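Single-structure report; data block below.
In the UniProt record's numbering, the protein residues as written are 1 to 274.
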């Protein structure tokens, strides 16, 4: 049923494949390192359109981290088909975007792990205004499709991907890399991939999106904001600021509230000196 429309209450083999690829197989494949044995995942699909009996088609998804991937177009041979991880992932994202649209119409907003690692759900309305000039549910759904396609490896092949979103995602995803040369190569490669598909890069949009590319956390809890808040607690505070902070938290110390003692007044008794 791949390519068929989705509905909120109808089972779909294609959607089941997409969900397993995005949330299970994809993350597991990223744990396979170069030099390790390739992994392979098997999906079995039932063809219920046959008149006499159910017929199964098996799809194998292979990591190809060690061996060379096939260069031919995937085809079904003897009821079997082999896909690379990238091919299967792009097919999965295409179906997932259909699910995003259906769910958004019902007030449910879906994000892939790759998309959620760059952008936060808390920023969806702002991102929708930036990308679609609207923050209604339908616009948020369209925004999620743009973000999802652009955050996907090989997303430049997907119709709804955006070059600027993809580049900011590459910059954000590699922000903690120690090897600056490799980081630069990833960012430049992403830019060139989208340029090869005639998808333009927009500097103004890049600056607007950069505010919201916080690694999947709210802006106020981004690493930059949290670091700045932490460092501000270690700066020397003026006495009055320290007193106000202690007072507002209900904590007072002797140091913050210096006591002044009065000197004893001289006696005025008439009998003094008698």
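All residues carry an ideal CB built from backbone N, CA and C; glycine is no exception. In this text, all values refer to a predicted model and were calculated from it rather than measured experimentally.
Legend entry - Spatial distance of residue 12 from residue 83 (CA atoms): Counting from one through the chain shown, the residue named residue 12 turns up at place 12. Counting from one through the chain shown, the residue named residue 83 turns up at place 83. Going from the Cα of residue 12 to the Cα of residue 83 covers about 20 angstroms.
Inset, instruction - Label residue 56 either buried or exposed according to how many other C-beta atoms from any shown protein chain fall within 10 Å of its C-beta, with 16 as the threshold for buried. - result: The count along the chain shown starts at 1 and reaches residue 56 at position 56. Exposed, because fewer than 16 other Cβ atoms sit within 10 Å of the Cβ of residue 56.
Inset, instruction - Please report the residue range of the beta strand (DSSP E) in which residue 47 lies. - result: Translated into positions along the chain shown, residue 47 becomes position 47. Taken as a continuous stretch (DSSP letters only), the beta strand (DSSP E) holding residue 47 covers 40 to 47.
Inset, instruction - With a floor of 4 residues, list each alpha helix (DSSP H) that falls wholly inside the segment 65 to 119, ordered by position along the chain. - result: Within the segment 65 to 119, the complete alpha helix (DSSP H) runs of at least 4 residues fall at 85 to 104, 113 to 116.
Inset, instruction - Identify whether residue 60 lies in helix, strand or coil by the three-state DSSP scheme. - result: Within the chain shown, residue 60 is the residue found at index 60, counting from 1. Residue 60 falls in the strand class under three-state DSSP.
Inset, instruction - Would you list the residues sitting across from residue 213 in a DSSP beta bridge? - result: Along the chain shown, one-based indexing puts residue 213 at 213. Residue pairing of residue 213 in beta bridges, as defined by DSSP: 119.
Inset, instruction - Please list, in chain order, all residues of the same chain as residue 135 whose beta carbon is under 6 angstroms from its beta carbon, the five residues on each side excluded. - result: On the chain shown, position 135 is the one that residue 135 refers to. Same-chain partners within the cutoff: 125, 128, 129.
Legend entry - Range covered by the alpha helix (DSSP H) that runs through residue 12: Position 12 of the chain shown holds residue 12. Unbroken run through residue 12: none, as it is neither H nor E.
Legend entry - Range of the contiguous alpha helix (DSSP H) that encloses residue 129: Counting from one through the chain shown, the residue named residue 129 turns up at place 129. According to the DSSP assignment, residue 129 belongs to the alpha helix (DSSP H) that extends over 124 to 132.
Legend entry - Rounded straight-line distance, which links the Cα of residue 212 to that of residue 231: Numbered from its first residue, the chain shown carries residue 231 at position 231. Numbered from its first residue, the chain shown carries residue 212 at position 212. Answer to the nearest angstrom: the Cα atoms are 22 angstroms apart.
Legend entry - Collapsed DSSP secondary structure at residue 26 in the structure displayed: Taking the first residue of the chain shown as position 1, residue 26 is located at position 26. Looking at residue 26 - three-state DSSP - the assignment turns out to be helix.
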